[in-house]
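Position 14 of the sequence shown, counted from 1, bears residue number 14 in my numbering, the numbering being contiguous throughout.
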Amino acid sequence: GLPIEIVHAPQTIGMDEKPALAARQKKQSSLHIGLSLVKDGKADAFISAGNTGATLAIATLQTLKRIRGIKRPALATRYPTAGNPLLLDVGANVDVKPAYLQQFGLMGSLYMQRVAGIANPRVCIISNGAEAGKGNQLVRDSAELLAQLPINFIGGLEPDRFFAGGADVAVTDGFTGNIMLKATEGIVKALLTRLKSEILSSPRTKLGGLLARPAFAAVRQQLDPDTVGGAPLLGVNGVVIVAHGGSSPLAIKNAIGQARLAVQRGMIEAIKRGLGN
1 GLPIEIVHAP QTIGMDEKPA LAARQKKQSS LHIGLSLVKD GKADAFISAG NTGATLAIAT
61 LQTLKRIRGI KRPALATRYP TAGNPLLLDV GANVDVKPAY LQQFGLMGSL YMQRVAGIAN
121 PRVCIISNGA EAGKGNQLVR DSAELLAQLP INFIGGLEPD RFFAGGADVA VTDGFTGNIM
181 LKATEGIVKA LLTRLKSEIL SSPRTKLGGL LARPAFAAVR QQLDPDTVGG APLLGVNGVV
241 IVAHGGSSPL AIKNAIGQAR LAVQRGMIEA IKRGLGN
């Protein structure tokens, strides 16, 4: 069989528990023990579909801690659209400062260089227009800081252009990023449901649907969030992948693949070097 070691964790942290309180009180939870194994060098990566807030708190404050120089870690996710671009933050930081977004841009660029193999990733900031001066104060101030980095910063970009392949990395605050993520997932599900309903509405459309079934299946697979796996937590001293609480076996399999790739390609070391550590 596989050389798998089972490590007992007598405590559990429920999805509805308060993250900070659970992180302090439940030191024998699977989240705390698993992240401690990574910290101690007994595991190379940690994957969790559990309480996201508790995972972030335990990883950031109690076990792995932040990489030196990082102000706030960020959750990032690859979008199942043209070029599989990276969006960060998607939920770790609801309120941010321009300096945080500047670091998100640097970490996102380094991640796509190292893990995706893109030599010079195009980095944008999500805005309501590409023209200079567009966006709120946070976006404008952050854009000025991002432009100072040794990365390929292309300025502000509207979400539709980002989804169409206009950038390899998009930076935003965790509130906006989380809404973008959930909105696009909801739209895809609604469109697929509507399409299925229309196909089944008459014999003629059923025949057309039958002929187009391979194409529909391919599109469904490409847009399925389970193909992404999970969201890497960038900015902590170890590879951490946060998966959705309702993850399917396929999603967990792909999250494991994500973690393996990040370890093999030295993602953490690349971020440290990028920060001058």
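Just so it is clear, CB atoms sit at the ideal spot from N, CA and C, and this is done for glycine as well.
These numbers were taken from a predicted model, which means no experiment stands behind them.
- Excluding sequence positions up to five before and after T63, its CB lies within less than 6 angstroms of the CB of L35, S36, K39, all in the same chain and listed in chain order.
- Every beta strand (DSSP E) stretch that sits fully inside the segment 194-240 and reaches 3 residues is listed by chain position as 231-234.
- Per DSSP, the unbroken alpha helix (DSSP H) holding V263 starts and ends at 249-264.
- When the five nearest sequence neighbours on each side are left out, the beta carbons in the same chain lying within less than 7 angstroms of the beta carbon of F104 are those of A74, L88, D89, V171, in order along the chain.
- By the neighbour-count definition (other C-beta atoms within 10 Å, threshold 16), G41 is an exposed residue.
- Contact check for L101 and I70: beta-carbon distance about 13 angstroms, past the 8 angstroms limit, so the pair fails to qualify.
- In the three-state DSSP reduction, T52 falls in the helix class (H, G or I).
- Sixteen is the threshold: since fewer than 16 other Cβ atoms of the shown chains lie within 10 Å of the Cβ of R194, the residue is exposed.
- Cα atoms of R122 and L207: separation of roughly 43 angstroms, rounded to the nearest angstrom.
- Inter-segment contact for the segment 241-253 and the segment 220-233 is present: three or more beta-carbon pairs are separated by less than 8 angstroms.
- Between L234 and M107, the CB-CB gap stays under 7 angstroms.
- R66 and I58 have their C-alpha atoms spaced approximately 11 angstroms apart.
- When the five nearest sequence neighbours on each side are left out, the beta carbons in the same chain lying within less than 7 angstroms of the beta carbon of A9 are those of Q28, S29, S30, I33, in order along the chain.
- Taking all protein chains in view, the Cβ of P150 is surrounded by fewer than 16 other Cβ atoms within 10 Å, so the residue is classified as exposed.
- Contact annotation: M267 and V115 have beta-carbon atoms nearer than 7 angstroms.
- M15 sits exposed, since fewer than 16 C-beta atoms from the chains shown fall within 10 Å of its C-beta.
- Cα atoms of A76 and L21: separation of roughly 25 angstroms, rounded to the nearest angstrom.
- The C-beta separation of P80 from P225 comes to about 7 angstroms, placing the pair in contact by the 8 angstroms criterion.
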